[in-house]
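Undergrad: The structure under discussion is supplied below as structure tokens; questions concerning it will follow.
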Amino acid sequence: MNETTNSLGPLERVDGRWILGDIGRPDGGAWVKFSTEGLHAQARGSGEDVIP
0 MNETTNSLGP LERVDGRWIL GDIGRPDGGA WVKFSTEGLH AQARGSGEDV
50 IP
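Be aware that the sequence shown starts at 0, since it is given in numbering that gives the first Met the number 0, and climbs by one per residue.
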């Protein structure tokens, strides 16, 4: 593995929410979204998990 595959990617604001990772990736990249409901996390190739 190299450093690129070990990191989630940039921290950026998308549609008023903070996203850590590459949410727009066509192959379903890994990301964490911070919202008032909690953390929404997705690993590559899996569904979204919500952590209150």
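Ideal Cβ positions, reconstructed from N, Cα and C, are used throughout, including at glycine.
1) Tell me, please, which residues DSSP counts as bridged to alanine 40.
2) Assuming glycine 20 and valine 31 make a contact with CB atoms under 8 Å, what is their CB distance in whole Å?
3) Pull up the distance between the alpha-carbon of arginine 43 and that of arginine 16, whole angstroms please.
4) Give the straight-line distance between the Cα atoms of glutamate 36 and aspartate 48, rounded to the nearest whole angstrom.
5) If we ignore side chains and look at the alpha-carbon of each, how far apart do alanine 40 and isoleucine 50 end up?
TA: Reading it off the structure:
1) Val31, Asp48
2) 6 Å
3) 20 Å
4) 12 Å
5) 8 Å
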